[in-house]
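Student: In terms of the working numbering, the sequence shown is residues -8 to 334. Each residue gets a CB set at the ideal place from its N, CA and C atoms; glycine is no exception. The following block contains the structure, expressed as structure tokens.
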Amino acid sequence: MVLGKDGTRIWDLKTMTQIQDRPASAGIRGATTAIAWTNLDDEPGEMFFFGTVMGYLVGWRKVSGQHCFHETFCKRVVEPSEITALAFDAVSNRFAVSNRNGIVQVYDLASSAEPRKVISISVRNFLPKSLLFGVMRGNERELLAFGHSDGKIRTITGNLDIDNRLEQWEVGVHIGDAAIDTRRATVCIDDIHSGGIIYRLDDHQRVKALAVPSTTQEKRPRQVRFVDDSKAIVIGSDHGIVYIFDRRNGQITDKLVLGGKDWVQTLATTECENIPTIITAKSGDGLPDNDIIVWQKVVDRGRSDPSASETLLSLVLLATLVYAYQHWDVLMTVLKQRAVDLN
């Protein structure tokens, strides 16, 4: 998936080819600024939503059995302005959208129907830079809204038409982006001045800092993502390199060099045929041909799983000990006879 002034374009990662037939170009909707894929097990065809600089929210669905998409939904969010973030929650079949005017809305994605708005709030003097569905709180999943300028993360829960609760916690940095690992209840944010910072969701404690080298005084947001079953964290930079950090020790384990000294703000992570995959591109106006580069983890499929080998060895040793215990008298007789023979 590619976002930008030309609108939204789609690539098939299995064949590494672009899907030429798309429902629409940018037009009056403006450049594409945010996107979220949905995963509906009971629905045919993949689907995603994207937002634009002019405040439009658009849905495209893959035509079943065909290599193309069709448009299923288009509306302009209230108080139109640039769509800054989108998020989807597969558990509740809901997606969230925010814009530059501080509007945050949540929609219920009913089966084969137009999305139904269930929450709509306006937070003044707040620029939501990222939206993430977090952990379960009781019988509902919280929505986290990350503020770019004020260093605050707002937690949205409940039916706000009835129960207007809006909790917040401060991290005290300019937030460029955020990624979440709900299984481990951790979130990693991009501090545009220093790099990634990992926090725990349960007590909001800061766990670890991931320092990203910088070569310029200008600070811009960088996208940050978990990859490889959240064992690693990927962060862009201002000098043509994507850094991969070990989540546990915070050390840089690899560098993906795109070349040149351009900003690398655009990246995504996924698994393609069970192989951890990173998609990167440079960012900025006036760039010449801007390649989209796909990286995959080198996996030695011929190598046996060390944990499986250790488990098998343990079982063999255990079986040997059990046999020896059950046939102790026989073993002692054999050993004594061997000793006589040696003498």
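(1) Assuming the contact rule is C-beta atoms closer than 8 Å, Gly167 and Pro119 should be a hit. Round their C-beta distance to whole Å, please.
(2) Closest to Arg216 by C-alpha separation, out of Ile226, Gly250, Gln208, Ala81, would be which residue?
(3) Mind checking Lys335: buried by the 16 CB within 10 Å criterion, or exposed?
(4) Give the DSSP-derived three-state secondary structure of Arg283 in the structure shown.
(5) On the three-state DSSP scale, how would you describe Ile19?
(6) What's the C-alpha gap between Phe39 and Ala27?
(7) Just to confirm, are Gly93 and Arg67 a CB contact at a threshold of 8 Å?
(8) State buried or exposed for Leu304, treating a residue as buried only when at least 16 other CB atoms are found within 10 Å of its CB.
(9) Report yes if the CB atom of Val44 is closer than 8 Å to the CB atom of Ala15, and no otherwise.
(10) Along the chain, where does the beta strand (DSSP E) containing Thr223 start, and where does it finish?
(11) List the DSSP bridge partners of Gln96.
(12) Applying the 10 Å Cβ sphere with the 16-neighbour rule, what's the burial state of Arg145?
(13) Report the option in Leu249, Phe124, Val82 whose CA atom is closest to the CA atom of Ala76.
(14) Work out the CA separation of Leu48 and Phe64 for me, nearest whole Å.
(15) Give me the Cα-Cα distance between Gln256 and Lys273, rounded to the nearest whole angstrom.
(16) Using C-beta distances below 6 Å, list every residue in its chain close to Phe41, excluding the 5 sequence neighbours before and after it, in chain order.
(17) Going by beta-carbon coordinates alone, are Arg175 and Ile188 separated by less than 8 Å?
Tutor: In terms of the structure at hand:
(1) Looking up residue 167 in the sequence shown gives position 176. Looking up residue 119 in the sequence shown gives position 128. About 13 Å; that fails the 8 Å criterion.
(2) As a working note, residue 216 is residue 225 in the sequence shown. Ranking the options by Cα distance to Arg216, first place goes to Ile226.
(3) Residue numbering for the chain in the displayed model covers -8 to 334; residue 335 lies beyond these limits and cannot be assessed.
(4) Start at 1 with the first residue of the sequence shown, and residue 283 comes out as number 292. Reading off the sequence shown, one finds Ile at residue 283, where the question assumed Arg. In the displayed model, Ile283 falls within coil according to three-state DSSP, outside both helix and strand.
(5) What you label residue 19 is simply residue 28 of the sequence shown in a count that begins at 1. The answer is helix: DSSP assigns Ile19 an H, G or I state.
(6) Walking along the sequence shown from the start, residue 39 turns up at place 48. Walking along the sequence shown from the start, residue 27 turns up at place 36. Looking at the two C-alpha atoms, the distance is approximately 6 Å.
(7) Taking the sequence shown and counting its residues from 1, the one referred to as residue 93 is at position 102. Taking the sequence shown and counting its residues from 1, the one referred to as residue 67 is at position 76. Note that the C-beta distance between Gly93 and Arg67 is not below 8 Å.
(8) Residue 304 sits at position 313 when you count from the first residue of the sequence shown. Low per-residue confidence applies at Leu304: pLDDT is 42, beneath 50, and the placement is therefore not dependable, though the value from the model is reported in the following sentence. Leu304 should be labelled exposed.
(9) As a working note, residue 44 is residue 53 in the sequence shown. As a working note, residue 15 is residue 24 in the sequence shown. At the C-beta level, Val44 and Ala15 stay beyond 8 Å of one another.
(10) The residue you call residue 223 lines up with position 232 of the sequence shown. Before going on, a small fix: residue 223 reads as Ala here, not Thr. DSSP places Ala223 inside the beta strand (DSSP E), whose first and last residues are 223 to 226.
(11) As a first step, residue 96 must be located in the sequence shown, where it is residue number 105. In the DSSP output, where bridge partners are listed per residue, Gln96 has Val88, Ser111.
(12) Your numbering for residue 145 matches position 154 in the sequence shown. Under the 10 Å beta carbon count, Arg145 is surrounded by 16 or more other beta carbons and is classified as buried.
(13) Along the sequence shown, one-based indexing puts residue 76 at 85. Proximity to Ala76 across Leu249, Phe124, Val82 peaks at Phe124, based on C-alpha coordinates.
(14) Numbered from 1 along the sequence shown, position 73 holds the residue referred to as residue 64. Numbered from 1 along the sequence shown, position 57 holds the residue referred to as residue 48. When the Cα atoms are used, Phe64 and Leu48 turn out to be separated by approximately 8 Å.
(15) Translated into the one-based positions of the sequence shown, residue 256 becomes position 265. Translated into the one-based positions of the sequence shown, residue 273 becomes position 282. Taking the straight line from one Cα to the other gives about 7 Å.
(16) Numbered from its first residue, the sequence shown carries residue 41 at position 50. Thr(-1), Thr23, Ile26, Val49.
(17) Indexing the sequence shown from 1 puts residue 175 at position 184. Indexing the sequence shown from 1 puts residue 188 at position 197. Cβ atoms of Arg175 and Ile188: not closer than 8 Å.
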